[in-house]
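Presented below is the structure to which this report refers.
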């Protein structure tokens, strides 16, 4: 695959297919793809749409750092993480975490770990725009 | 005096009304002191004290990190959703 950057913050819609192709190597028997998707409710309150903001200059290397943390814990292959910013309609993909590994357990565990760490430390913020017109940052 | 460039995001940017603030401060000032300066100027920020991460020149930093002239300090409010913020360690070694 040419032209695939493994760690990206972008305003463009996300597509898992190129990332799956990028991470897969002949030694890997498992590829796990996690997609975080804009949902139409939070805590029982209807959501109209979401917006995301990032400190992009820092968030991109932090995504790479988190992948290295996972690599230190599990024997995994390539990792790709793409995170969307800007306005997202319900059903659009906000984040893709794609992990290859020789075996599925490591791929599942590493993907879950990477997603948890993104929510802990990656400087990316989500704003919930409620159906009633109000809006608030999730924190 | 030294010049520090502060980056603000999400709810902090809404509170302050700008994405960037420049402050002049004494040599030897810390990241935490810059935050206290901001809170004094914009009291609604105070509820975030203890729930923040800091970065200096795009690297995570502790509140006692000493600043140099021209540093960019990012104030990182809690990020998007669901995880207990307290006790997380951004500098966890691998």
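Protein chains in written order, with my numbering: chain A, 5 to 143; chain B, 752 to 845.
All residues carry an ideal CB built from backbone N, CA and C; glycine is no exception.
Quick check on residue i: buried or exposed, where buried means 16 or more other Cβ atoms within 10 Å of its Cβ?
| i | result |
| --- | --- |
| residue 2 of chain A | What is shown of chain A runs 5 to 143, which leaves residue 2 of chain A out entirely. |
| residue 41 of chain A | exposed |
| residue 819 of chain B | exposed |
| residue 822 of chain B | buried |
| residue 110 of chain A | buried |
| residue 845 of chain B | Low local confidence applies: a pLDDT of 33 at residue 845 of chain B is under 50, so the model's placement there is unreliable, with the coordinate-based value given in what follows. When all chains shown are included, residue 845 of chain B counts as exposed. |
| residue 43 of chain A | exposed |
| residue 817 of chain B | exposed |
| residue 88 of chain A | buried |
Using a cut-off of 8 Å between C-beta atoms, extract the partners of residue i located in chain A.
| i | result |
| --- | --- |
| residue 794 of chain B | Neighbours of residue 794 of chain B on chain A: none; closest Cβ ~18 Å, over 8 Å. |
| residue 827 of chain B | 59, 127 |
| residue 758 of chain B | 59 |
For residue i and residue j, what's the separation of their Cα atoms in angstroms?
| i | j | result |
| --- | --- | --- |
| residue 10 of chain A | residue 86 of chain A | 7 Å |
| residue 93 of chain A | residue 815 of chain B | 41 Å |
| residue 105 of chain A | residue 34 of chain A | 5 Å |
| residue 759 of chain B | residue 48 of chain A | 30 Å |
| residue 67 of chain A | residue 79 of chain A | 18 Å |
| residue 129 of chain A | residue 13 of chain A | 12 Å |
| residue 90 of chain A | residue 55 of chain A | 5 Å |
| residue 127 of chain A | residue 24 of chain A | 25 Å |
| residue 46 of chain A | residue 115 of chain A | 23 Å |
| residue 786 of chain B | residue 64 of chain A | 24 Å |
| residue 121 of chain A | residue 107 of chain A | 22 Å |
| residue 795 of chain B | residue 766 of chain B | 7 Å |
| residue 84 of chain A | residue 777 of chain B | 43 Å |
List the residues of chain B whose Cβ lies closer than 7 Å to the Cβ of residue i, in chain order.
| i | result |
| --- | --- |
| residue 62 of chain A | 806, 809, 825 |
Would you check if the distance between the CB atom of residue i and the CB atom of residue j is smaller than 8 Å?
| i | j | result |
| --- | --- | --- |
| residue 59 of chain A | residue 812 of chain B | no |
| residue 793 of chain B | residue 773 of chain B | no |
| residue 830 of chain B | residue 123 of chain A | yes |
| residue 135 of chain A | residue 50 of chain A | yes |
| residue 27 of chain A | residue 82 of chain A | yes |
| residue 809 of chain B | residue 62 of chain A | yes |
| residue 99 of chain A | residue 36 of chain A | no |
Show which residues of chain B have a CB atom less than 8 Å away from the CB atom of residue i.
| i | result |
| --- | --- |
| residue 65 of chain A | 809 |
Which parts of the segment 47 to 98 of chain A are runs of the beta strand (DSSP E), unbroken and 3 residues or longer, counting only runs that do not cross its ends? 49 to 58, 83 to 88, 90 to 93
Entirely enclosed alpha helix (DSSP H) segments - the segment 782 to 828 of chain B, minimum 4 residues: You should have 782 to 792.
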